[in-house]
Every structure is written in structure tokens, then in C-alpha cells.
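Quick note: to get the working numbering, add 13 to the position in the sequence shown (first position is 1). Note that the Cβ used here is the ideal one computed from N, Cα and C, for glycine as well.
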Amino acid sequence: MKKPVFISLTALFGILLLADCASHRSFSGNGPVHSLKAIFKDDFRIGTALNTTQIEEKDPAVDALIQEQFNTVTPENIMKAEIIHPEWSRYDFTQADRLVAYAKKHHMTVNAHTLIWHSQLPSFMHTMQNTDSVRQYLTSHIHTIASRYDGKVYSWDVVNEALNEDGTMRRSVFQQKLGDDFVVEAFRTAEKAAPHTKLYYNDYNIEEPAKRAGAIRLIRKIQAAGVRIDGVGIQGHWNISSVPFQKIEDSIEEFAALGIEVMFTELDLSVLPSPFKDNITADVNQKIEYNAAMNPYTNGLPDSVQQKLADCYGNLFRIFLKHKDKISRVTFWGAGDQQSWLNDWPVQGRTDYSLLFDRQLKPKPAFFSVINLKKTNL
Ligand code: 9MR
Numbered sequence: 014m015k016k017p018v019f020i021s022l023t024a025l026f027g028i029l030l031l032a033d034c035a036s037h038r039s040f041s042g043n044g045p046v047h048s049l050k051a052i053f054k055d056d057f058r059i060g061t062a063l064n065t066t067q068i069e070e071k072d073p074a075v076d077a078l079i080q081e082q083f084n085t086v087t088p089e090n091i092m093k094a095e096i097i098h099p100e101w102s103r104y105d106f107t108q109a110d111r112l113v114a115y116a117k118k119h120h121m122t123v124n125a126h127t128l129i130w131h132s133q134l135p136s137f138m139h140t141m142q143n144t145d146s147v148r149q150y151l152t153s154h155i156h157t158i159a160s161r162y163d164g165k166v167y168s169w170d171v172v173n174e175a176l177n178e179d180g181t182m183r184r185s186v187f188q189q190k191l192g193d194d195f196v197v198e199a200f201r202t203a204e205k206a207a208p209h210t211k212l213y214y215n216d217y218n219i220e221e222p223a224k225r226a227g228a229i230r231l232i233r234k235i236q237a238a239g240v241r242i243d244g245v246g247i248q249g250h251w252n253i254s255s256v257p258f259q260k261i262e263d264s265i266e267e268f269a270a271l272g273i274e275v276m277f278t279e280l281d282l283s284v285l286p287s288p289f290k291d292n293i294t295a296d297v298n299q300k301i302e303y304n305a306a307m308n309p310y311t312n313g314l315p316d317s318v319q320q321k322l323a324d325c326y327g328n329l330f331r332i333f334l335k336h337k338d339k340i341s342r343v344t345f346w347g348a349g350d351q352q353s354w355l356n357d358w359p360v361q362g363r364t365d366y367s368l369l370f371d372r373q374l375k376p377k378p379a380f381f382s383v384i385n386l387k388k389t390n391l
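Laid out in C-alpha cells, this is it:
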């Protein structure tokens with residue numbers, strides 16, 4: 014005799030939900046669609062980094078996905094100094110203007126990225142020796158760009174990655190020529206140039222205690238100078254083998270206690286082996302030579318790893334939802350896996366699977382694990 018099959022209500026709901034998500038999936042704009050921005054609309058904004066192809070709307074499939082899923086965008090590269098300010102007295106606003114028009118057309122906000130960063134500087138900055146010239150660069154660069162886009166972008170990453178892992182100040186050209194106070198100067202200049210724009214400090218690994226303490230010192234220093242800082246961006250480049258959940262939660266609380274917004278600004282979770290001890294860096298200038306052992310999933314992701322990625326994303330968003338009163342935005346560093354910088358960093362030519370949408374732009378188990386958190390609460 015066959016045994017009767019019992020299935021719990023929760024399991025049944027889960028099965029129905031997954032069936033529902035799969036069957037109604039469409040980027041056409043018709044019909045019910047599970048959209049991150051809709052699901053989290055009362056919690057925080059949901060963003061993606063945009064590359065040039067996406068700003069120019071050259072790929073209809075990815076364009077539809079972006080419009081369906083996200084309500085805020087960060088330019089992945091085109092507002093970086095080497096592109097927007099290629100020569101001492103020449104700015105090129107072509108692509109940034111296009112981005113602003115794109116966001117307006119699609120009713121999205123722009124987090125502009127980034128004004129002062131040691132990396133991706135224009136070539137004329139590499140030979141700059143003179144303190145006055147560096148000061149003049151900092152002031153005119155910020156003033157020109159931030160005032161042009163005031164009222165057109167929602168926010169700026171005013172200073173990006175000014176800290177070392179131990180919480181001391183990174184020896185960038187700005188720090189060496191202007192001293193540690195260049196950060197305060199940058200925010201003071203941005204505050205004057207962009208009175209209607211939110212101003213943020215952005216960095217990676219600032220959930221780690223020593224670097225976090227450095228970020229807190231930096232933010233307090235800006236505040237003590239009477240200069241406006243509205244928020245802090247924790248970039249969120251992590252690896253599924255070591256997502257620092259507790260440190261993330263502690264950081265949300267400690268940063269929010271400073272009276273500023275907390276954001277996750279460049280979220281992605283690598284599934285690949287990391288060549289670094291403790292996985293902790295996101296320094297774009299680190300490069301490691303390719304070897305096949307570092308690229309194990311060229312033919313697809315094993316189910317167990319896919320599940321681990323889903324669990325990590327689920328656990329992260331559980332923390333984000335618990336602290337939604339302190340978190341204003343969660344931005345992914347790309348729309349689908351193909352776009353991710355992690356395919357080429359720190360080892361070039363790998364196949365990583367770090368985002369919620371796969372190479373065909375289909376939602377992955379990680380996507381469902383994130384939206385199920387809300388569905389089960391509805
Ligand atoms: O994703 C970006 C990649 O396309 C660029 O080549 C790289 C260098 O400009 O920057 C990447 O974005 C970085 C961001 O601007 C700052 N935090 C670390 C990000 C990943 O490297």
C-alpha cells in the first residue's frame with residue numbers, strides 16, 4: 014500500500030512561489046513580475062552599477078531587466094576622473110550627461126561615483142608634484158562636476174577608498190600632498206558646490222573592525238569640522254566562503270549611530286577561490302596570474318555552490334531587512350554575472366557567478382532566496 018504523502022503548508026507555499034516566479038518571469042513589462050525594487054520599495058532603494066552599453070541602451074534584454082528590477086543607478090566607470098576630466102583644463106561630460114538623461118527617462122536616481130579617488134586618475138595627475146596644483150585640482154574638479162550635476166544626481170561618493178586595512182590613511186597623492194585633511198576639504202568643497210545633493214564616503218572592507226574604526230574617525234572628523242556628510246557606503250565585495258555577517262551587522266549599527274545613512278553600494282559575492290589571505294581586499298590594482306585551478310566553474314556552477322550563494326544572499330538580506338530603518342540603499346555591482354568586474358579581478362579571464370541574475374539574465378536561486386524573505390512575511 015502506498016504511504017500518504019504529507020507536505021507542510023510552508024513547503025507548499027515555497028513550491029507554489031517558485032513555480033509562480035518561474036512562470037511569470039518576463040522582462041516585457043507585461044504581467045506580474047517579481048521585481049526587487051517593488052518588493053523592497055518600503056525598505057530601501059535597490060540599485061545596479063551601469064556600464065556604457067547599458068547607459069546607451071544598446072542591449073534590449075539587459076535594458077529591460079534593469080528597468081524592471083532597479084530604481085537607482087551608479088555609473089560603474091564613466092564619472093571617474095580619467096574619463097570625465099581627461100586634461101587639466103578639459104572636462105568631458107558626454108557620457109555623464111547621457112547617464113543623467115537615462116535616469117530621468119526611467120525615473121531612477123543616480124548615485125554619482127566618484128569625485129576623489131586615488132585610482133583611475135587622469136594621466137596629468139600622475140606627474141603632479143606641487144601641493145598647490147593638487148589642491149587646485151581637488152577644488153576645481155569637485156566644484157566643476159558637483160555643481161554641474163547638483164539637483165540632477167541624488168548623491169555623490171565624494172571620497173572613495175581613502176583608508177588602509179588597518180584604518181590609517183592611505184598614502185594617495187591627495188594624502189601625501191594635502192595631508193589627512195584632504196577628506197574634510199573635499200566634503201567642504203562638495204557641500205558648497207552641491208547643496209541639493211547627498212554626500213557620502215565610500216569604501217571596501219569598512220565592516221572589518223580596524224578599518225571600520227578608521228572610517229568612524231574620518232566621519233567624526235568631517236562632522237566635527239561642521240561639514241556635511243550624509244552617509245557611508247560599505248561596498249560589499251565579499252566571497253561566499255567568508256561573508257562577515259556579524260561584522261556587517263555591527264557596522265550598520267555603529268555607522269548609523271553617527272547619525273548618517275548606511276548603504277551597501279557595490280554588492281557582489283564571488284564564488285571563486287580567492288588568492289588572498291582572509292579574502293579581504295577589493296583593491297583594483299592587485300593582479301594575480303591566471304591558473305586553471307583558480308577558475309573551477311567554467312562549465313557552470315555546481316548545485317551545492319549555487320545553493321551556498323543563495324544562502325549567503327538570503328542571510329545578508331535578512332540582516333538588511335532587520336536594519337532597514339538605518340539602510341537607505343542596496344546597490345549591486347552589476348546587473349548580471351557577465352557584467353561583473355570579478356570575471357577579471359584579481360585574476361583575468363575567470364568565470365564568476367557573483368550576482369542575482371545569470372549570464373542569460375535569468376534569476377538565480379539567490380534571487381529567489383532574497384525575494385522569498387519578503388514573500389514569507391507578506
Ligand atoms: O567595476 C569597475 C571596473 O570596471 C573598473 O575597471 C575598475 C577600475 O576603475 O573599477 C571597478 O569598480 C570599482 C569601484 O569604482 C570602486 N570600488 C571597487 C570597484 C571594483 O573594482
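In the DSSP assignment, Leu-374 falls outside any beta strand (DSSP E) and carries neither an H nor an E. In its chain, beyond the 5 residues on either side, Val-86, Leu-112, Val-113, Ala-116, Val-166 and Tyr-167 have a beta carbon closer than 7 Å to the beta carbon of Val-123. By the C-beta density criterion, Asn-356 is buried, having at least 16 other C-beta atoms within 10 angstroms. At a Cβ-Cβ threshold of 9 Å, Leu-176 and Leu-151 do not count as neighbours. Fully enclosed beta strand (DSSP E) runs of no fewer than 3 residues occupy 274-283 of the stretch 273-308, in order along the chain. Residue pairing by DSSP places Ile-253 opposite no residue, since no beta bridge is assigned to it. For Glu-89, the distance from the CB to the nearest heavy atom of the ligand 9MR is below 8 Å. Taking Thr-157 as the centre and dropping the five residues before and after it, the same chain places the C-beta of Tyr-104 closer than 7 Å to its C-beta, in chain order.
Annotation for Asn-177 indicates a beta carbon at 8 Å or more from all heavy atoms of the ligand 9MR. Taking 8 Å as the cut-off, the C-beta of His-131 does not count as close to any heavy atom of the ligand 9MR. With a threshold of 8 Å, the Cβ atom of Gln-248 counts as near the ligand 9MR, since some heavy atom of the ligand is closer than that.
Relative to the ligand 9MR, the nearest heavy atom lies less than 8 Å away from the CB of Thr-127. Below 8 Å, enough C-beta pairs join the stretch 231-251 and the stretch 198-205 to call them touching: three or more.
If you compare the alpha carbons of Met-276, Asn-304 and Ala-51 with that of Phe-333, the shortest gap goes to Met-276. His-126 carries a strand assignment under DSSP once its states are collapsed to helix, strand and coil. For Lys-211, the number of other beta carbons within 10 angstroms of its own is at least 16, and it is reported as buried.
For Asp-170, the enclosing beta strand (DSSP E) covers residues 168-173.
Excluding the 5 residues flanking it on each side, Asp-194 has no same chain C-beta neighbour closer than 6 Å.
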